[in-house]
Each structure stands twice: as C-alpha cells, then as structure tokens.
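Using the numbering used here, the letters of the sequence shown correspond one by one to residues 17 to 200.
From the three backbone atoms N, C-alpha and C, an ideal C-beta is built for every residue, glycine too.
The next block holds one structure in the form of structure tokens; read it before the comments.
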Amino acid sequence: MSPTVWLPLLVPSTFVVVKHGLNIIGEKHAEQISNGGVYRISIASRIFVIAGACFITWLFSNSYAHGYILWPKDKALVLFFIFIIGFLWLAAMSSFFYRVRLTEDRIELIGFSTKYARYSEINNIRLVQGRTSRSVIVEYARSGRIRLSDQLQLFDKLYANLQDRVIKAHGIGGNAKISATSDV
C-alpha cells in the first residue's frame with residue numbers, strides 16, 4: 017500500500033495533535049504573562065499563520081519556477097500573487113506583535129501601533145457572540161472603539177479583569193455599561 021493513501025488522514029490529525037500540544041505548552045507561558053496584565057494570541061495560531069504564509073510563498077515560487085505561471089502572459093496574476101503573499105506575511109507578523117495590556121489606569125491594544133483607553137473613559141463593554149467566535153467591544157469617551165478577539169489566550173480572564181478595572185475606575189455609582197449580546 018502506498019504511503020500517499022494515508023496522507024488525507026495524516027495531515028489533519030497531525031495538525032490537531034501539534035496544535036493541541038502547542039496550546040498546552042503555551043498555556044503556562046500565557047498564565048505567567050497574564051499575571052502581568054498582558055494577553056497574546058496563542059503560539060499555535062501564530063505558528064500556523066507563519067506556516068501558511070510559508071506554504072503559499074513556496075507554492076507561488078515553485079509554480080513560477082516550473083513555468084506554470086509565465087511572467088509576460090500572466091503579469092496581472094503574478095502581481096496578484098505577490099500582493100497576496102505580502103498580505104499573508106503582514107498578517108503573520110501582526111500576529112506576533114498583537115497583544116493587549118491592562119495597566120494600572122488603561123487598556124492598551126498593541127499591534128503595529130498602540131491604541132489605548134483609560135478605564136475612567138470607558139462607557140461600554142460588550143461581549144459579542146457571533147456564529148463561531150466571540151469578541152469584546154470596548155467603547156470609550158473619545159468616540160473610540162477597541163475590539164478584542166477571542167483569539168487571545170485566556171480571553172475570559174481578560175474580560176473579567178477588564179470588567180473589574182472599569183467598575184473600580186467608575187466607582188459605585190459609575191456610568192459604565194457592561195453587557196453580553198448576541199450578534200448572529
């Protein structure tokens with residue numbers, strides 16, 4: 017029997033096992049850094065985004081090298097693939113820089129730039145449940161909005177800590193609204 021017969025079963029099962037193993041390894045580190053108020057995307061997600069970017073880059077370069085894509089004939093297609101590869105690498109790098117930090121007086125969303133809101137300026141915190149994912153939307157005084165994805169490790173702990181800090185910043189009679197909604 018040829019080993020390629022097992023390939024359709026081997027690839028997804030390897031993906032599941034490796035992702036689960038990486039999440040277990042990364043969970044201890046995530047717990048340590050969350051005690052300092054920092055929340056990041058899981059290491060498994062970051063590695064698989066990089067692997068996907070590498071695979072698409074390899075696929076394009078291999079197709080071009082073997083003549084499946086010809087430059088003079090398919091210039092628009094080549095430029096499109098270069099744009100897609102650049103976009104994939106940008107997404108991969110942003111997953112490594114993206115983090116949320118809860119400091120003494122504000123929440124910071126750090127990516128390629130930093131967006132922040134003081135707890136005392138936060139008017140509303142909503143937990144939005146979509147079909148497949150959840151997110152927290154933080155609305156603050158300067159007509160701003162910060163959206164936190166459930167891709168962050170320890171997402172529930174982040175939501176609870178954020179609620180506590182906003183309630184403490186507003187005091188007992190504060191005007192901050194905290195709600196859970198469904199966005200289907």
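Three or more C-beta pairs under 8 Å: does that hold for the segment 43-62 against the segment 104-122?
yes
With 16 other CB atoms within 10 Å as the buried threshold, where does Leu3 fall?
Residue 3 lies beyond the range of the chain shown here (17 to 200); nothing can be said about it.
Taking the DSSP output, what are the residues bridged to Ile123?
Working through the sequence shown from its first residue, we reach residue 123 at position 107. Its beta-bridge partners are Leu118 and Ala133.
Specify the secondary structure class of Leu164 as computed by DSSP and reduced to three states.
By one-based count along the sequence shown, residue 164 stands at place 148. Here Leu164 sits in strand by DSSP.
Classification of Leu23 by the beta-carbon crowding that lies within 10 angstroms, buried from 16 upward
Position 7 of the sequence shown, counted from the start, is the residue given in the question as residue 23. Exposed: under 16 other Cβ atoms inside 10 Å.
Within 10 Å of its beta-carbon, does Ile40 have 16 or more other beta-carbons around it, so buried, or fewer, so exposed?
Indexing the sequence shown from 1 puts residue 40 at position 24. Exposed, since its Cβ has fewer than 16 Cβ neighbours within 10 Å.
Specify, as a first and last residue, the run of the beta strand (DSSP E) that Val54 falls within.
Working through the sequence shown from its first residue, we reach residue 54 at position 38. That run of the beta strand (DSSP E) goes Val54 to Arg56.
From Gln169, Asn140 and Lys173, pick the residue whose C-alpha is nearest to that of Glu43; which is it?
Taking the first residue of the sequence shown as 1, we reach residue 43 at position 27. Of the listed residues, the one whose Cα sits closest to Glu43 is Gln169.
By alpha-carbon positions, which one of Lys173, Asp172, Leu178 and Ser165 ends up nearest to Glu137?
Numbered from its first residue, the sequence shown carries residue 137 at position 121. Comparing Cα-Cα distances from Glu137 to each of Lys173, Asp172, Leu178 and Ser165, the minimum goes to Leu178.
Would you list the residues sitting across from Ile183 in a DSSP beta bridge?
Within the sequence shown, numbered from 1, the residue matching residue 183 stands at position 167. Bridge partners of Ile183: none, in fact.
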